[in-house]
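Data first, discussion second: the structure below is written as structure tokens.
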Amino acid sequence: MVLIPRPALSKLDQQDKSRIEFLCIDPLCNFKNDIELGYPLGTVVIMAANASAPVHYAVLLFPGFQALDAFGPLDILNIVALEQEIQLSIIGPTMDPVSTKSPIPNFYTTTSTSHQSVVPTHTYDAPPENIDVMIVPGGFGTRHETIKPTVQFLIERYPRIRYLLTVCTGSYVAAQAGILDGKKATTNKIRFDLVAAKAPHVNWVRQARWVVDGNIWTSSGVSAGMDEMLAFVQEVYGRKLAVKVATILEYNWHEDSTTDPFANSPLVEMYGAGAADWYDFRAATAIGKDRASSQ
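Pasting the structure below:
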């Protein structure tokens, strides 16, 4: 927030005016007046959306990351970048392409080749110098030993970033790094109980599409990362741009972080009930199919 005396408003040039979002101009407005907000009478409260907006974004990839966890938020940034300065880095274990294919042995029951790979711009050992916002997706790889270098990188780099955004079980990666200890967070609802059991020092919130605690944002499963990123865009760049991006993408934005249709969904219970351990997704899915066919 920035406070500007009312007489000074007339002195702002057009560029400055385009970079602020007025919360209340009229002293008689019914939203919140200066006194209610605790500011001196005759002061306009504005949000300087671009004054210190983040510029350097990085997505942290690992073998077996979930595609939409990464690509959903990144496509939002692609649109934001049409109006705002965005510098994106893609960080992987090495410069080799990072695949969405699960690294868990014998994970697949088919010979399908429906996987995608992303070529990093940087590595864990040679990351970009500046990172304002770190995005950590989830995926099957979060529960395999190949995630250890990712966790270590996050431990070392988190103190130097401004914001951490995790999507889905990306919050489990942050939890393994100890970053979420004592903080509120959420995660994928099918994996919720397992993640909570593995990371008991985190204050897990089930009924949440996304959760913000300080500079850490965590979202529910997969597509929730887009709701989280749009909320983040609204927070740092202003609501007007967030709504514009959602409209361009024709995305039905869940704007209320406490409204999570999957938190108590019987379908989540159906398809997640058989996941007795980190490697049992197939078993859980099979059980869910059996239950569905019997109804």
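Those letters in the sequence shown? Residues 17 to 311, by our numbering. Glycine included, each C-beta is placed from N, C-alpha and C at the ideal position.
**Message:** I need the DSSP call for Met111, collapsed to helix, strand or coil.
**Reply:** The answer is coil: DSSP assigns Met111 none of H, G, I, E or B.
**Item:** Inter-residue spacing [alpha-carbon to alpha-carbon] between Ala69 and Phe248
**Value:** Each residue's Cα considered, the two are about 11 Å apart.
**Neighbourhood of Pro113 by C-beta, 7 Å cutoff - its chain only, sequence neighbours within 5 removed** = Around Pro113: Ser133, Val134 and Val135.
**Message:** If contacts are defined as beta-carbon pairs under 8 Å, then Arg225 and Ala240 qualify, I think. What distance do you get, rounded to the angstrom?
**Reply:** The C-beta distance from Arg225 to Ala240 rounds to 5 Å, short enough to fall under 8 Å.
**Under the three-state DSSP convention, the category Asn219 falls into** = Three-state DSSP puts Asn219 in a strand.
**Request:** Can you give me the start and stop residues for the alpha helix (DSSP H) that Ile232 sits inside?
**Result:** Counting along the chain, Ile232 falls outside any alpha helix (DSSP H), though it belongs to the beta strand (DSSP E) covering Ile232 to Ser235.
**Prompt:** Excluding sequence positions up to five away, which residues of its chain have a Cβ less than 7 Å from the Cβ of Val261?
**Reply:** Around Val261, the same chain offers Ile92, Ile95, Val96, Leu246 and Val249 as residues with beta carbons nearer than 7 Å, after the five sequence neighbours per side are excluded.
**Asked** Nearest-angstrom Cα distance between Ile102 and Ala86?
**Response** One C-alpha to the other measures close to 16 Å.
**Message:** The alpha helix (DSSP H) that contains Thr182, what's its start and end?
**Reply:** First-last for Thr182: Tyr179 to Thr182, but that is the beta strand (DSSP E), not the alpha helix (DSSP H).
**Item:** Own chain partners of Leu181 with C-beta closer than 6 Å, once the 5 adjacent residues on each side are dropped
**Value:** Only Ile151 and Trp233 meet the Cβ criterion.
**Item:** Outcome for Thr129 when other beta-carbon atoms lying within 10 angstroms are tallied against a minimum of 16
**Value:** Thr129 is exposed by the Cβ-count criterion.
**Prompt:** Any idea which residues DSSP pairs Trp226 with across the strands?
**Reply:** Bridge partners of Trp226: Ser235.
**Asked** Based on the DSSP output, what are the partners of Tyr73 in its beta bridges?
**Response** For Tyr73, the beta-bridge partners assigned by DSSP are Leu104 and Val149.
**Own chain partners of Arg178 with C-beta closer than 8 Å, once the 5 adjacent residues on each side are dropped** = Exclusion of the five residues before and after Arg178 leaves Pro70, Asp148, Val149 and Asn231 as the residues of its chain whose Cβ lies within less than 8 Å of its Cβ.
**Prompt:** Apart from the five residues just before and just after Asp229, which ones in its own chain have a Cβ nearer than 6 Å to its Cβ?
**Reply:** Lys199 and Lys200.
**Prompt:** Which value, in whole angstroms, describes the spacing of the CA atoms of Thr139 and Asp197?
**Reply:** Each residue's alpha carbon lies about 26 Å from the other.
**Request:** Quick one: give me the first and last residue of the alpha helix (DSSP H) that Ile95 is part of.
**Result:** From DSSP, the alpha helix (DSSP H) with Ile95 extends over Ala83 to Val96.
**Message:** Quick check: the region 74-83 against the region 154-170, are at least 3 beta-carbon pairs closer than 8 Å?
**Reply:** Yes, the region 154-170 touches the region 74-83.
**Request:** Select from Gly108, Val189 and Pro216 the residue whose C-alpha is nearest the C-alpha of Pro144.
**Result:** It is Gly108 whose Cα lies nearest to the Cα of Pro144.
**Message:** Could you tell me the alpha carbon to alpha carbon distance between Thr116 and Leu84, rounded to whole angstroms?
**Reply:** Rounded to whole angstroms, Thr116 and Leu84 show a C-alpha spacing of 10 Å.
**Where Ile36 falls: helix, strand or coil (DSSP)** = Its pLDDT being 44, under 50, Ile36 is placed unreliably in this model, and the value from its coordinates should be taken loosely. Coil.
**Item:** 8 Å Cβ shell around Ser281 - same chain, five flanking residues per side excluded
**Value:** Taken in chain order, the residues that qualify are Lys205.
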